[in-house]
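Asks: In our numbering, the protein residues as written are 3 to 275.
#1: What is the residue span of the alpha helix (DSSP H) that residue 268 lies within?
#2: Mapping the DSSP letters down to three states, classify residue 199 as helix, strand or coil.
#3: Rounded to a whole number of angstroms, what is the C-alpha to C-alpha distance between residue 55 and residue 187?
#4: Which runs of the alpha helix (DSSP H), 4 residues or longer, sit entirely within the stretch 160-201?
#5: Quick one: residues in its chain with C-beta nearer than 6 Å to the C-beta of residue 134, no 5 flanking neighbours on either side, listed in chain order?
#6: Taking C-beta to C-beta, are residue 269 and residue 252 nearer than 7 Å?
#7: Find out if the Cβ-Cβ distance for the pair residue 236, residue 197 is shorter than 7 Å.
#8: Looking only at its chain, what residues have a beta carbon closer than 8 Å to the beta carbon of residue 180, apart from the 5 residues adjacent to it on each side?
#9: Whose C-beta lies closer than 6 Å to the C-beta of residue 162 among residues of the same chain, with five residues either side of it excluded?
#10: What's the call for residue 242, buried or exposed, on a 16-neighbour Cβ count within 10 Å?
#11: Going by C-alpha to C-alpha distance, which of 141, 217, 78, 216 sits closest to residue 86?
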C-alpha cells in the first residue's frame, strides 16, 4: 500500500514574483540557462549513496521503500564516505522504529540478510504492501542474531530470510552456520508468531574459497530445519547454478553479488510468498 506524501508547505503569495521561471533565466545577450535535469531512473549504486538516500528519506519522515530515489538525489549523488557497520545498525533500528509507528493495518514484508538482500530493488516489488529491508552488507549470521530485536515492535505478514554465505566465505564451520540459522528461525517465530517465515537456500558463488559442496551441505540441513520449524523453504540454488554448481555468469556481477537478471529471478520467487 503506497503511503501518502507528506503535506507540502504553502508557497508564499509572492513566490512567482520573486523567483523567475526557468525559461526566463537568460545569459545576457546570448544563451538561455536551464536547470540541471534529474533522471527519474537514477538509483544509488554504492553503499555510501544507498545509506545517504535512506537517511534522507527517514529524516523527511518517509519510508525509503515508498520513495523514488531521485527525489533525494541532491543528498546521495555525491556521497563518497562509506558508512560504518555501526552506522548501518543505527539506521536499520531507526527505520524499524519508524515503521512500528506508521504501519497501522497495512500488510508488511520484512527482508533479513546481507548484501544480497540489501540491494534487492524494492521499487520493482509489489506496491500493495509495505517493505522493510533489515539487511547489512558483509554480515554473518552471528551479526544478524544480535539485531533481530530491532524490529520486534512491528507486525509483519511475511519475513524473508537469506543468510549464511558470508559465514562460509569467512571459514565458519558448517555446523555453526546451521545452528545460527536455526536460532534465527526460532527467534523470528517467537518474536512474530503471526508472520509467515520464508527461508531461502544459500546461493551458489564463483568464489574459490566457498565450495559448492559446502553450500549444498548447509542447504540440505537448512531445508530440513525449515520443515521442522514450519517455515517455508525456497530452493534458489538449483535455478541459480550452472552445470558445475557455480553461480551462473549471467546472474552475477562479480561471482558473489547479483546482477539485475539475478534479482529479477529472485523477485519472481519472492513475490509468490
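Backbone N, C-alpha and C define an ideal beta-carbon position, used for all residues, glycine too. A quick note: this is a predicted structure, and the numbers were derived from the prediction, not measured.
Replies: Quick answer:
#1: 262-272
#2: strand
#3: 30 Å
#4: Listed in chain order, they are 167-171, 176-193.
#5: 101, 112
#6: no
#7: no
#8: 220, 223, 224, 227
#9: Cβ neighbours of residue 162 beyond the five flanking positions: 113, 200.
#10: buried
#11: 141
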